[in-house]
Every structure is written in structure tokens, then in C-alpha cells.
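Visitor: One structure, pasted below without further comment.
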Amino acid sequence: MTSMTHDGPQITGGVDTHGLTHHAAVIDAVGRHLADREFPATIRGYRDLLDWMRTHGALVAVGVEGTGAYGAELARVLTAAGVTVVDVDRPDRKTRRMKGKSDPIGAYAAATAVLSGRATGVPKSRDGVVEAVRVLRIARRSEVKARTQAMNQIRSLLVAAPAMLREQVAGLDRAALIRTPARLRPGDDLSRPLAATRAPLRRLARRHQALEEEITELDTEIGPLVRQAAPQLLELFGVGPETAGQLLASAGDNPERMRAPGRGRADPGLLRPHPPPPPQPRRRPGSPRPTPTP
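All the letters of the sequence shown, read from the start, carry residue numbers 141 to 434 under our numbering.
Here it is in C-alpha cells:
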């Protein structure tokens, strides 16, 4: 699919993306450099970038570096305008050593990669419910990590804590191990090891409880979105909202863009769980192992 809404020679664009500015370049059908220019990374800047490219001819496609980062919004704007956007990798070290690294060089390299066919990646659209699942899971993943860290620190403190503290939590399950330190009262005098140990234990336990509540809230928000995006995926054995959310975030809102190497479009069956291996016959003690069949 091409986007040629203007008359003139066919051109290909390339964009080197950054946080505050994007550098754009255009080349003709045989790869000759036509022009390059810098634009602010704003909605108005993205539209000006597109209009500037189209002044040089019929825009066939635009290669954008970092469509999953700084170039995400630019890719959305270009796609909404009917332009074919190609995801372009950053230049490798060999290219940077041979040609140097600058914004114009990066922009021309992105355009050249599209024109030569070396870059063919279709960027994630990032404009649907799957993108909502992805950004919510970022917060959840961070909170799960912090919760685990808090628990590990509680256990580490209890290893060398005074015996009075260790006996209070000895043999408790995980939930009780959090509730008990959360109710501790260290007192005002923290010069004694017992009081000084109670203080961080209470803080860590209450932090764990707060993180637990936030994770529960996120699960309540993510679950319906996952079911809305892929209800059939949740019906598979062993697939819950967390696993399904990870699969959806990896695929994106436009999973048809993915290809399996050497097989064309990716096989949807790849996401199905494999059946368990057949049980092996039990062997009597002392009997010889069966000879494997060649």
C-alpha cells in the first residue's frame, strides 16, 4: 500500500526521532538526497513535517526510527493521514563508524532503508484497547516488583532481629506475616535495637499492604479490558488475565503485522498451549532401562 496524494515524482521520507525535535529527510526514487529539516516534536510539528515532505513530490512511505518510543505519536499522525509508515531500526555500530552519527544522516538512513526494502516493519498502532492494557501493566509490573522487594526486606530484617520479634512471627503464613509487623508500635526511643527494628518492619509491612491494594485495583481495571480485547484467549487452559495481558501487549492492537520467519503471517496456533507429554511407564527397581528406539 502506498500513499501518493500529491502529484510529482515519487519520494520516500525518513525521520530521526528525539524527545523534543524530529529531523526529517526526503529522497527520490533512486535514493538521491533532496532535503532535510528539523521539526518540533508536537502535534503542529508533526503536521508541518508531513506537509513539508509532500511539497517535494508524491510521498510513497516514511521510515520512522523508534515508533515504539519517541516516534510513537508521529507514526499515529502519519498513519491517520493515510501515509504508509515503516518501522526502522537505529543504525548499527558499523554504519555509525562508516558514516558518522548526526540527525540528518539518521533521517536519510531511515529513508534509504525503506526505499531499498531493508526496512519493512509495520509499527504497532498503539491506538486501541490493547495499548490501554499495556500502559496499565507497566504500573502493575512496577508495583509487583516493589511488593516483592518489601517482603524480602521484611524477611531479611527478621533473620537478625531480637528473639522477641522473631517469636512473634514464627510459623506465620505470608498474610499474617504482613499484618503482625504492620501493627507494631516502635515507640519514641529508637536508640534500642528492638524499637529500631520495629520501626522499619512496620513501614515495610504497611508499604506491602498499600502495594497489595494498588495491585488489586489494577487487576480490576485490566481484567475487563483483556476480556474485551481477546475473550477467546482467556478461554484457553492456563491463560489468565496476566498471561493474556502480556501476550496482547506483545502483539499490539494490529497483530496482523506480525510474521513468522519463513512462513508468512504468524500462525495464531502458536499462542495455544502445547498438550502435556504422554506419561512414561513405571520401571521396577533393579530392572534395566528400556533401550531407546532408533
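Glycine included, C-beta positions come from ideal geometry on N, C-alpha and C.
#1: With GLY363 as the anchor, note down where its alpha helix (DSSP H) starts and where it stops.
#2: Pairs of beta-carbons, one from the stretch 312-323 and one from the stretch 342-349, closer than 8 Å: are there three or more?
#3: I think ALA165 touches HIS173, with their Cβ atoms under 8 Å apart; what is that distance to the nearest whole Å?
#4: Check the C-beta distance from VAL223 over to ALA250 and give it rounded, since I have them as a contact under 8 Å.
#5: From ILE355 to GLY363, what distance separates their C-alpha atoms?
#6: Checking contacts by CB at 8 Å: is GLU205 closer than that to chain C?
#7: Could you spell out the range, first to last residue, of the beta strand (DSSP E) harbouring THR470?
#8: Expressed to the nearest angstrom, what Euclidean distance is found between the alpha-carbon atoms of VAL204 and SER296?
#9: Which word fits LEU341, buried or exposed, when buried means at least 16 other C-beta atoms lie within 10 angstroms of its C-beta?
#10: Near THR207, what residues of its chain come up, given a Cβ to Cβ distance below 6 Å and the 5 sequence neighbours on each side ignored?
#11: Ordered along the chain, which non-local residues of its own chain (more than five positions away) have a Cβ less than 8 Å from that of LEU436?
#12: Please report the residue range of the alpha helix (DSSP H) in which THR219 lies.
Guide: Per the coordinate set shown:
#1: Translated into positions along the sequence shown, residue 363 becomes position 223. Boundaries of the alpha helix (DSSP H) around GLY363: 333-369.
#2: Segments in contact, yes.
#3: Indexing the sequence shown from 1 puts residue 165 at position 25. Indexing the sequence shown from 1 puts residue 173 at position 33. Cβ atoms of ALA165 and HIS173 come within 8 Å of each other, at about 7 Å.
#4: Numbered from 1 along the sequence shown, position 83 holds the residue referred to as residue 223. Numbered from 1 along the sequence shown, position 110 holds the residue referred to as residue 250. Contact flag wrong, Cβ pair sits at about 14 Å.
#5: Locating residue 355 in the sequence shown gives position 215, counting from the first residue. Locating residue 363 in the sequence shown gives position 223, counting from the first residue. Distance between the alpha carbons of ILE355 and GLY363: 12 Å.
#6: Annotation note: the requested chain C is absent from the structure, which comprises a single protein chain.
#7: Residue 470 lies beyond the range of the chain shown here (141 to 434); nothing can be said about it.
#8: As a position in the sequence shown, residue 204 is number 64, starting the count at 1. As a position in the sequence shown, residue 296 is number 156, starting the count at 1. When rounded, the separation of the alpha-carbon atoms in VAL204 and SER296 is 48 Å.
#9: Against the sequence shown, residue 341 aligns to sequence position 201. With 16 or more neighbouring CB atoms inside 10 Å of its own CB, LEU341 falls in the buried class.
#10: Position 67 of the sequence shown holds residue 207. Once the five neighbours on either side are set aside, the close Cβ partners of THR207 are ALA215, ASP227 and PRO263.
#11: Any question about residue 436 goes unanswered here, given that the chain covers just 141 to 434.
#12: For this step, residue 219 is matched to residue 79 along the sequence shown. For THR219, the uninterrupted alpha helix (DSSP H) segment begins and ends at 212-220.
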